[in-house]
Amino acid sequence: MSSLYSAPEFDSDARKAYRHIALHTQHCTIGPMPAQDFLDKFLPKPKARYSNHRSKKSILHRIPTRRRYKPFTKTMGDMCPGFEFVSLSACTENDPMLGPKLCPDTAVYPSGVKRTSPCDWGLMDFFVEWRPDQYLDGYSDTPDDDRAFEDESTKAKEFRGRMFSYAARLMESQHRLFVFAVDIYGDCARLYRFDPSCIVVSDVICFRKDPRPLDEFFARYSSLSRAERGYDPTVTLADDVERARFQTCITEYFERVQNNDLRTHPGVASLDGPILKIQVNDISGGVHWYLACKCSTIPVNSLPCGRFTRGYIAVPVPSDRCIDTEDTDKGKLFWLKDSWRPDSSESEASIYYELKAKGVPNLPDVRCAGDILVDSRTQETANDTLLSDPSTECWRQPTGTIHHMIHVRIVAGLLIPFDYVENARELLLVGRDVLYAIAGAFHKANIFHRDVSKGNVMMTERRGSGEGPWGVLNDWDRAGRVDAEGTNRFGTWQFLSIYLLDSMPKKHDIFDDLESLLWVLLFFAIHYFKYSGRFSMRVFEEVEEVFDTSRGKIMIGGSLKYGWVRTPQTLFECKPLQDFFDSFRRFHRDHVWKVAASKDSEEKMKIWEDYQAEIQKDIYSIVSHFDNILNNPDTDWSGDTDWSGQEVHGAQAEEISPQGQLNQDSNLDEEVNVPEPKLQPKPRIKAPPAKKGKRGKKRTRDDLEPEDDDGHRRKRTAHVNDEGDRKQDVRPAQRRQVPAPPCDRVLRPRIRK
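Take a look at the structure:
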């Protein structure tokens, strides 16, 4: 438990998660912004005078240093009227991702709200974090060019990650376009503003010398409207009549649903949260309203900036005349997706409409989609606009690539998760439908999906009596054009193709999407159907951290996937399923070997490009791998309903560790959900007894080279790069290779009724 007088001591796993958050938000901070500029930019002066809130000697100035904590929460209401400051020093709030005490030191609520607990994230307006000593700062305001604004010490990373996790939780629990926060450490403070584009941090406020900026922040904040405090005006609470309507539609839908397992799905069985009324703008200009309740199965956003994707079960508002009366009369359910997109990327809404117009099959049934408009203005981020303001160059430290973000919502027909497939034949039917969607988008619209993963392969309800479901390829928010330039990686790490995981820079192509589909099908087959032999989940989770002389530190993988393509050690008891994987694997294997055998990167790319040209001549020929199994009347499907329901060989079946979920697009230039690699301890160097060398100098540990796995000394060489600098040669044996955390969800046995 943390207190004002000692550095917070939190669980080691939480500390690791905080460092991981800091890593994924690295270079996403704009600062140090002068405190007065921060106030003038983001907190407009109230029209009424507020000098009575600023005495000649601040409340903070009068409180002794070591006794500041409790008097602060009692008297700050005088400086920020209309708000209540609640101490959470004894908070026991837990979080499945970040461990115990996921609550700040002080929560600030509007006066008079009825809280369910001292730490009520759904009602909290902003928060204040306290630390005892001045050196516990996450940033450095030094003007030296050789020192970054972000402090790189371990403690600083942990404090930044902790602060950011609070902001992410606050924005996740409410519909906020941005949130403010105050960080107080020793006699100093900083002001924060978070939005999906980046984080703005003020310079240091030494409030014992000059308390006016901090006093003025609280005084101005108390005069802001809800919209000026970041609340989304396009989302409101449903009234009693609308709540009753929503519950009726939910009940009627599940009385008709055929899949008994789906009725107990946690995403729909726990619709006990607030029912909201949400505005959705259509790309054609229409405005629609939906009643919605958040789905509990959507992963929690653990970063304070990024796409911030949310998912809702939704019902159209009956009074909305733009909605088909058939939908409202029959009480149909829809899926409402709420997210932010970089303005540099194409709108997912326009992608859907283009694919539909060109006849691409097996897509979501999109009813309306578009960027959100408020008073005819697009709802977008403001923090990033500081980068284009010339007046900020005098104080702004260099940052990474920061994107301007635009708010978008999409409403489509309700889909069923792929993990509700009932047998091996259904698994292949869905896989074939998704392949048609991938091939159709490429052939008819010159578009790649670029994120074929287990969360984006979905199903509809049954095609008919005795037939399987339709497969649907969902979430085209990372889609890209065939002629797009660049070699950035996109997608989910566990399902990327072998050569996207390789260190060789490569453009995304059609086979990357097709190979990702293979890994998705294998992932579900391993979880659901019996097999003999051994299989390690590290095939999906392998991460290596290497250094490239031109690109710096990069993440690579794929060697275990390559090994499975060459010599799989698993044999499925369902013969048609095994035949399918053997067929697809043989198709891919020969080309993988040719590329792997080449030592020259240019030669590798030439072989791969020839391979792509061969595939693109007849992309639909790959469907034969499915058709040969599904259309054969002699196929014996006996045993296809047997599924393991047990721990996967070689993998620990446990809940996801904190690192596995922290993948909310912190770097939108290379949108890959990368698990955090766990670093093995360095090899221990056994030093022999000290003895004198030729010149009488004693040998020390620093004179010794580390041993490799065979006990031999590894020699390090050096080479000269193109710039003439000597660089240490990092051989493959020196890569840090470790198992990554498990995939972001453990599939558990279903109880059949």
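Just so we're aligned, residue 1 is where the sequence shown starts under the UniProt record's numbering, counting upward by one.
Every residue, glycine too, gets a C-beta built ideally from N, C-alpha and C.
Rounded to whole angstroms, how far is the Cβ of residue i from the Cβ of residue j, which I believe are closer than 8 Å?
i           : j    : result
residue 754 : D282 : Nothing about residue 754 can be read from this structure; the chain reaches only from 1 to 753.
W165        : D151 : A small correction: the amino acid at residue 165 is Ser; Trp does not occupy that position in the sequence shown. Going by Cβ atoms, the distance from S165 to D151 rounds to 18 Å, so no, they are not a contact pair.
W493        : L414 : Not confirmed; about 28 Å, so no contact.
F180        : F126 : 5 Å
P32         : D203 : 4 Å
D384        : C198 : 6 Å
L123        : V113 : 5 Å
S532        : L571 : 5 Å
S516        : F495 : 5 Å
L427        : L521 : 6 Å
residue 838 : T381 : In the structure as shown, the chain begins at 1 and stops at 753. Residue 838 is therefore absent and cannot be evaluated.
D195        : L177 : 6 Å
residue 755 : R245 : Any property of residue 755 remains undetermined from this structure, which presents the chain solely from 1 to 753.
Since residue i is in the alpha helix (DSSP H), which residue starts that stretch and which ends it?
i    : result
D37  : 35-42
N527 : Per the sequence shown, the amino acid found at residue 527 is His instead of Asn. First-last of the alpha helix (DSSP H) with H527: 510-528.
S559 : 559-566
R162 : 154-173
A244 : 240-256
K356 : 348-357
D628 : According to the sequence provided, residue 628 is Asn. The question's Asp does not apply to it. Per DSSP, N628 belongs to the alpha helix (DSSP H) from 624-630.
List the endpoints of the continuous beta strand (DSSP E) containing residue i.
i    : result
K444 : Taken as a continuous stretch (DSSP letters only), K444 belongs to no beta strand (DSSP E), being part of the alpha helix (DSSP H) at 424-445.
F217 : Unbroken run through F217 is the alpha helix (DSSP H), 212-221; no beta strand (DSSP E).
F126 : 126-131
A193 : What sits at residue 193 in the sequence shown is Arg, not Ala. Looking at the DSSP string, the run of the beta strand (DSSP E) that includes R193 is 188-194.
R367 : 366-371
I199 : 199-202
L237 : 235-237
E84  : 83-87
I184 : 179-185
V482 : Per DSSP, V482 belongs to no beta strand (DSSP E) and is neither H nor E.
Per DSSP, residue i forms a beta bridge with which residues?
i           : result
G413        : F334
M458        : P417, V472
F207        : DSSP, once it has assigned bridges, lists no residue as partnering F207.
residue 760 : No answer is possible for residue 760: it lies beyond the span of the chain, which begins at 1 and ends at 753.
L571        : S532
C293        : I313
T106        : S87, V128
Suppose the cutoff is 6 Å on Cβ atoms and the five residues either side in sequence are ignored; what does the same chain contact list for residue i look like?
i           : result
S583        : H625
I510        : F442
R589        : V565
E366        : In the sequence as displayed, the identity of residue 366 is Val instead of Glu. Cβ neighbours of V366 beyond the five flanking positions: Y352, A412.
A156        : G138
E461        : none
I184        : W130
D120        : none
D133        : G186
I447        : A441, A479
residue 771 : Only positions 1 to 753 of the chain appear in this structure, which leaves residue 771 out of reach.
Do residue i and residue j have their C-beta atoms within less than 7 Å of each other?
i    : j    : result
G161 : R19  : yes
P81  : S225 : no
M79  : E129 : no
P364 : N474 : yes
R193 : V200 : yes
G480 : D451 : no
R341 : V280 : no
L39  : E216 : yes
A439 : Y620 : yes
C28  : C305 : yes
C293 : G311 : no
G558 : D512 : no
L276 : V241 : no
F83  : T106 : no
D574 : F535 : Before going on, a small fix: residue 574 reads as Cys here, not Asp. No; because the gap between Cβ atoms is not below 7 Å, this pair is not in contact.
Excluding five sequence neighbours on each side, which residues of the same chain lie with their C-beta closer than 8 Å to the C-beta of residue i?
i    : result
V430 : F418, V421, V457, M459, G468, P469, W470, G471
L387 : I30, R396, T399, I402
R425 : G468, P576, L630, W637, D640
T325 : Since pLDDT at T325 reaches only 48, below the 50 mark, its modelled position is unreliable, and the value read off the structure follows with that caveat. Answer for T325: no residue qualifies.
If I measure Cβ to Cβ from residue i and keep anything under 7 Å in the same chain, skipping five residues before and after, which residues do I get?
i    : result
K444 : K358, G359, V360
C206 : D187, C188
Q36  : P213
Q578 : L571, F572
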